[in-house]
Every structure is written in C-alpha cells, then in structure tokens.
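From first to last, the protein sequence lines stand for chains A and B. Everything in the first sequence is counted per the working numbering, starting at 45 for the first residue and increasing by one. Everything in the second sequence is counted per the working numbering, starting at 45 for the first residue and increasing by one. Even glycine gets a Cβ: it sits at the ideal position worked out from N, Cα and C. The structure under discussion appears below in the form of structure tokens.
Protein chains: 2
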Amino acid sequence: MKRIAIDMDEVMADFVPKHLAYFNRRFQEKLTIEDLHGTRLRLIRPHLKEELTKHLSDPSFFRDLPVMKDSQQVIKELSEQYEIFITTAAMEVPASFTAKYEWLKEHFGFLNDMNFVFCGDKSIINADYLIDDNARHFKRFSGQGILFTSHLNVNVTGYVRVNNWQDVREFFLR
Amino acid sequence: MKRIAIDMDEVMADFVPKHLAYFNRRFQEKLTIEDLHGTRLRLIRPHLKEELTKHLSDPSFFRDLPVMKDSQQVIKELSEQYEIFITTAAMEVPASFTAKYEWLKEHFGFLNDMNFVFCGDKSIINADYLIDDNARHFKRFSGQGILFTSHLNVNVTGYVRVNNWQDVREFFLR
Chain A
45 MKRIAIDMDE VMADFVPKHL AYFNRRFQEK LTIEDLHGTR LRLIRPHLKE
95 ELTKHLSDPS FFRDLPVMKD SQQVIKELSE QYEIFITTAA MEVPASFTAK
145 YEWLKEHFGF LNDMNFVFCG DKSIINADYL IDDNARHFKR FSGQGILFTS
195 HLNVNVTGYV RVNNWQDVRE FFLR
Chain B
45 MKRIAIDMDE VMADFVPKHL AYFNRRFQEK LTIEDLHGTR LRLIRPHLKE
95 ELTKHLSDPS FFRDLPVMKD SQQVIKELSE QYEIFITTAA MEVPASFTAK
145 YEWLKEHFGF LNDMNFVFCG DKSIINADYL IDDNARHFKR FSGQGILFTS
195 HLNVNVTGYV RVNNWQDVRE FFLR
C-alpha cells in the first residue's frame, strides 16, 4: 500500500484567514489574502516580524481553525487505498501540540493517531507522496511532492500542483 | 551525512524507575526492574491495566525524568559526524508533548528542535539508523535498527544490541 503524508496548515486546516484577521485587528490594517500572494506577512511587514507570531503561542489558536473544503471526504476516500500519515511542522510552534492533536481527533477521527507526526524538518518523512503548501519541504523529501496551492506558493513552479481537494482526488483516485 | 534517529524513553530519558515507583506507591507493591525483565507491567498485572498509565496523563510526569548516563556527551559527539533526529512515540501519551519538548530543550539544547519528531508508528521515519529499545519499531523501518537494552527487550535477538551509550559511541565512532 502506497503512503501519502499530508500537511495540516493551509492544506487540511484553513490557517491564514484567522492569522490575518488577528494581524489586521492588532495593527489596524486591512490586508487581504491577495496582498500575501507569493509572500509572507513577515516579508511585507519586516518591522513587525517579532510581533507577528505572538498570538500563535496561545495554545487555543490552532484548536478551532476551519477545516479545508472537501478535505474530510477526500482523505477518507484516500485512506481506503493508501496509508495516510499527517505530517505537520509543529516544532515551529510548540504551544500548538495539544490543540493540533485535538483538532485532528475531532475532525479526522477516522484516522489512526499513531499516524500523526509532529516534526520540523520533513526530510525525516518516509512516504511515497507529500501533499504540502510549502515547497521547501520537497527539497530533501525522498518521495514525490504535491504542491497544494496557497497564497505562499502561487508563483512556485516545478512540482505537481493541486488547487483544492477535488484536484487531490483526481490525482490519486482517477 | 548519514542520519541517526534516536528514541527518548529508556534511551535518552530514564523512564522506568519513576514509572515503577508510582506503581509501587499506588498499589503498595515492591516490584523491581528485574521483575519486569522481558515483560511489561500490564502483562504481569493485567487486572490493573486500565490504572497503570493514569499518572502518565499528568503532563509533568515526563518533565523531570533523569537523563540516561553518557547520552548527552555521546549524542553531542555523534552530532558532529551524523545528522541527529529525536524520534519519540509521543502519540501514545498526547499529554506528554510539551513536557517532552521542554525536556529536550533543557538537556539537549545543542540539538536543533527542527529535528525533533513526535510520532506513533516509526515506519514513517526516514533515517539510516534508529536507536530504540522497542524492536517493534524496526519491523517496517527502512534503515538499520540498533536495539538499546532495556528491561523490555532483554530476551530479544536478531538486532545489533547496545547496552549503554558507551556502546553506541563504540558502534558509530570506533
């Protein structure tokens, strides 16, 4: 059985809208996701770099993120033909561990929690495919990277790209 | 650079003495580590199975475990010639996440936390070597398993065995 590793933030969990709303409220700005196309908050507001992630250290931030459209249904279908692992770069925000675990148990209760992986450098992941919105994880990944479109990667080329979970279904279950 | 993945409990952190002390205090027993040779508490006290891990859900349990003798020095030496990842089966005790992270930062501050991996099924680990006291993790591991002696595995054969961290040094740095 082939194995698919799946990233959480911006792939299963809709992270950016909440993150951006916190930023706009705190600094009285009106940035939209379009303003972040191909870039990051810390690159367009470098003087605020230290402040930008402070709210992420609140363990509850990750607990109520919306589920990405169709991800539950498609991952359930994939899990019948592939071995599914969830691989999230949680070490960047250690306060998120428990909230991320509980979020997965709530929304993806059909997955085995022995297949949850909280890591940093994803080159440690042994899988045939990695669905991720951050192409840097593909550089040393031994399998095939599948780039899940997010504001960050709209200009990235050189990888199989999927724009949404229906595209993922098409790629793996066509 | 070859990569070594290293388990935490019973390899870097001395888990069993504290676990056993809790058990003996709670159930007024006098079990020793010798009583656990080749077995587990839940196998020799099956009627207490549900009770045995209750204290592990206290997040502080993992925070002050003693460091295994020589592990700091040897892992520091290994890190100069190998890429080191810490791979712990934390999903079995989700309450342990933060304590395990803090413990690693306190005692192994020279390691990069991007190389910490909290997982369940270790077949997801992509490394050349895995130092672990639980041989079940070697079954589907793609690299070489190195069995670190603990009460659990004294009767296990078929793997390279190391009894302590000086043996690990000898294996990798001889």
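Indicate the three-state DSSP secondary structure (helix, strand or coil) for Val198(A) in the structure shown.
-> Collapsing the DSSP output to three states places Val198(A) in coil.
Would you mind telling me which residues of chain B sit closer than 9 Å to Asp108(A), beta carbon to beta carbon, in chain order?
-> Neighbours of Asp108(A) on chain B: none; closest Cβ ~18 Å, over 9 Å.
For Val55(A), the three-state DSSP class (helix, strand or coil) | coil
Alpha carbon to alpha carbon, how far is Arg184(A) from Arg69(B)?
-> Each residue's alpha carbon lies about 49 Å from the other.
Sorted by chain position, which residues of the same chain lie with C-beta nearer than 7 Å to Ser104(A)'s C-beta, five sequence neighbours on each side aside?
-> Excluding sequence neighbours, Ser104(A) sits near Ala143.
From which residue to which residue does the alpha helix (DSSP H) around Val137(B) run?
-> First-last for Val137(B): undefined, no H or E at that position.
Would you say Asp157(A) reaches chain B, if we count a Cβ-Cβ gap shorter than 8 Å as a contact?
-> yes
State the DSSP-derived secondary structure class of Ala49(B), mapped to helix, strand or coil.
-> It is a strand residue.
Could you work out which residues of chain B lie near Pro61(A), taking near to mean beta carbons separated by less than 8 Å?
-> Per Cβ cutoff of 8 Å: no residues; Pro61(A) is ~26 Å from chain B at best.
Where the alpha helix (DSSP H) through Asp211(A) begins and ends = Trp209 to Leu217
Identify each residue in the segment 168-192 of chain B for which the Cβ-Cβ distance to at least one residue of chain A is less than 8 Å, and report them in chain order.
-> Of all residues in the segment 168-192 of chain B, Ile168, Ile169, Asn170, Ala171 and Ser186 have a Cβ within less than 8 Å of some Cβ in chain A.
Grab me the residues of Ala139(A)'s own chain with a C-beta within less than 6 Å of its C-beta, minus the 5 sequence neighbours each way, in chain order.
-> Setting aside the 5 residues that flank it on each side, Ala139(A) is surrounded in the same chain by Ser101 and Pro103, each with a C-beta closer than 6 Å to its C-beta; the list follows chain order.
In chain order, what residues of the same chain lie with their CB nearer than 8 Å to the CB of Arg180(B), ignoring the 5 residues before and after it?
-> none
Which partner residues does Arg44(B) have in the DSSP bridge list?
-> Because chain B here runs from 45 to 218, residue 44(B) falls outside it and cannot be looked at.
Would you kindly report the start and end of the unbroken alpha helix (DSSP H) that includes Val118(A)?
-> Ser115 to Leu122
Mind checking who Tyr173(A) pairs with in its DSSP beta bridge?
-> Ile48(A) and Gln188(A)
Chain-ordered neighbours of Thr142(B) on chain A, where CB pairs are closer than 8 Å = Pro138, Ala139, Phe141 and Thr142
CB-CB under 7 Å to Phe141(A), same chain, minus the five flanking residues each way: which ones, in chain order?
-> Ala134 and Phe162
Quick one: what's got a C-beta closer than 8 Å to Lys74(B)'s C-beta in the same chain, skipping five residues either side?
-> Asn68
Over the uninterrupted beta strand (DSSP E) stretch that includes Val161(B), give me the two end residues.
-> Unbroken beta strand (DSSP E) run through Val161(B): Phe160 to Phe162.
Note down the Cα distance separating Lys113(B) from Ile130(B), rounded to an integer number of angstroms.
-> Using only the alpha carbons, I get a separation of about 17 Å.
With respect to the alpha helix (DSSP H) encompassing Lys166(B), which residues constitute its N-terminal and C-terminal limits?
-> Here Lys166(B) belongs to no alpha helix (DSSP H), and DSSP marks it neither H nor E.
Close-in-space but distant-in-sequence residues of the same chain around Lys93(A) (CB under 7 Å, 5 per side omitted) | So the qualifying residues of the chain are Arg86.
Under the three-state DSSP convention, the category Phe106(A) falls into = coil
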